[in-house]
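Engineer: My questions all concern the structure below.
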Amino acid sequence: MAGNKTFTMIKPDATGAGHTGKIIDKIIEAGFSFKAMKWTQLTTADAQQFYLVHKDRPFYGELVEYMTSGPIVAAILEKDNAVASFRELIGATNPAEAAEGTIRKMFATSIAANAVHGSDSDENAAIEGSFFFSQRERTL
Ligand code: IDP
Ligand code: MG
């Protein structure tokens with residue numbers, strides 16, 4: 033059975049453009065509740081670790097540089113079938129391919145600066161949530 037938690041970040045392009053509030057509204061309107069939320073900024077070591085699965089991809093260096101370029105909002109979200117439901121809400125990685133009405137279609141500026149992160153599995157949602165939040169924060 034699919035889990036009911038996912039993890040997101042509002043990325044530096046979106047926080048920098050003043051889109052944080054509008055994106056949070058869209059997430060709440062789509063039926064998610066925020067279980068934990070934090071405004072922070074990634075160090076290079078943080079971003080390298082968070083995106084380690086992509087270390088052999090050609091865009092890894094660019095991704096790490098971009099993700100450390102400004103503040104982010106990290107959050108744990110709850111809804112039935114959270115991972116798949118949230119991926120649907122954010123749309124395709126490349127905003128040029130994202131469906132109308134999705135967060136990336138509305139707010140992303142490029143395939144790299146694509147406004148939001150969404151976990152790709154229940155397992156990664158748990159790992160990514162643990163990256164930012166203590167066990168106490170995750171279980172409140
Ligand atoms: P996802 O965020 O939709 O799950 P992934 O393939 O996991 O997409 O890639 C992680 C992140 O790496 C993307 O959200 C985006 O910021 C960046 N990225 C992915 N593909 C490219 C690319 O071809 N060029 C530059 N950045 C990319
Ligand atoms: Mg991914």
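Note that the working numbering has the sequence shown beginning at 33, numbered continuously upward.
The C-beta atom is built at its ideal place from N, Cα and C for all residues, glycine as well.
1. Could you say which of Pro127, Gln81, Phe64 and Thr141 lies nearest to Ser162 if we only look at CA atoms?
2. Grab me the residues of Ala130's own chain with a C-beta within less than 6 angstroms of its C-beta, minus the 5 sequence neighbours each way, in chain order.
3. With DSSP as the reference, label Gly48 as helix, strand or coil.
4. Taking only the alpha-carbon atoms, compute the straight-line gap between Thr171 and Gly35 and give it to the nearest angstrom.
5. Are there 16 or more other CB atoms within 10 angstroms of the CB of Asn126, so buried, or fewer, so exposed?
6. Does the Cβ of Asp88 lie closer than 7 angstroms to at least one heavy atom of the ligand MG?
7. Are the Cβ atoms of Ile55 and Ile42 separated by less than 8 angstroms?
8. Tell whether a beta-carbon distance below 8 angstroms holds between Leu95 and Lys67.
9. Is the segment 138–145 touching the segment 110–119, taking contact as three or more C-beta pairs under 8 angstroms?
10. Tell me Thr38's beta-bridge partners as DSSP assigns them.
Structural biologist: This is what the structure gives:
1. By alpha-carbon distance to Ser162, the top candidate from Pro127, Gln81, Phe64 and Thr141 is Gln81.
2. The beta carbon of Ala130 sits closer than 6 angstroms to those of Gly123, Ala124, Arg136 and Lys137, all from its chain and outside the five residues before and after it, given in chain order.
3. It is helical.
4. Taking the straight line joining both Cα atoms gives about 14 angstroms.
5. Classification of Asn126: exposed, given that the 10 Å Cβ count is below 16.
6. It does not: the Cβ of Asp88 is nowhere closer than 7 angstroms to a heavy atom of the ligand MG.
7. Against a cut-off of 8 angstroms, the Cβ pair of Ile42 and Ile55 comes out as a contact.
8. No, they are not a contact pair.
9. Result no; under three Cβ-Cβ pairs closer than 8 angstroms.
10. In the DSSP assignment, Thr38 forms a beta bridge with Leu109.
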